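*Asks:*
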């Protein structure tokens, strides 16, 4: 992981340890949005992974889908 990925994953981890216990389970998806964000950034890098995480958080609200929603696999380069 590069520095940007480490910083983003670290920020998510701080959220998971410091804020998430106070807020309780609110995510409509599995894995949770924060776990999804960590995995997306680790797999796809800071930019694409961050974009995937932001889109996922935008979908995590009442009236939208719920359930299992894994991070998409990395597409092989041609």
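Residue numbers (my numbering): 63 to 140.
All C-beta atoms, glycine included, are put in the ideal place defined by N, C-alpha and C.
Everything numeric in this text was worked out from a predicted model, so none of it was measured.
1. Tell me which same chain residues have a C-beta within less than 7 Å of the C-beta of residue 127, skipping the five on either side of it?
2. From residue 86 to residue 93, what distance separates their C-alpha atoms?
3. When you compare the CB positions of residue 96 and residue 78, do they come within less than 8 Å of one another, or not?
4. Quick one: what does DSSP say residue 86 is sitting in, helix, strand or coil?
5. Cα-Cα, which of 89, 114 and 90 is closest to residue 100?
*Replies:* Based on what the coordinates show:
1. In its chain, beyond the 5 residues on either side, 121 have a beta carbon closer than 7 Å to the beta carbon of residue 127.
2. Rounded to the nearest angstrom, the gap between the Cα atoms of residue 86 and residue 93 is 15 Å.
3. Cβ distance < 8 Å, so residue 96 and residue 78 count as in contact.
4. Residue state, collapsed to three classes: coil.
5. When the alpha-carbon of residue 100 is set against those of 89, 114 and 90, the nearest one is in 114.
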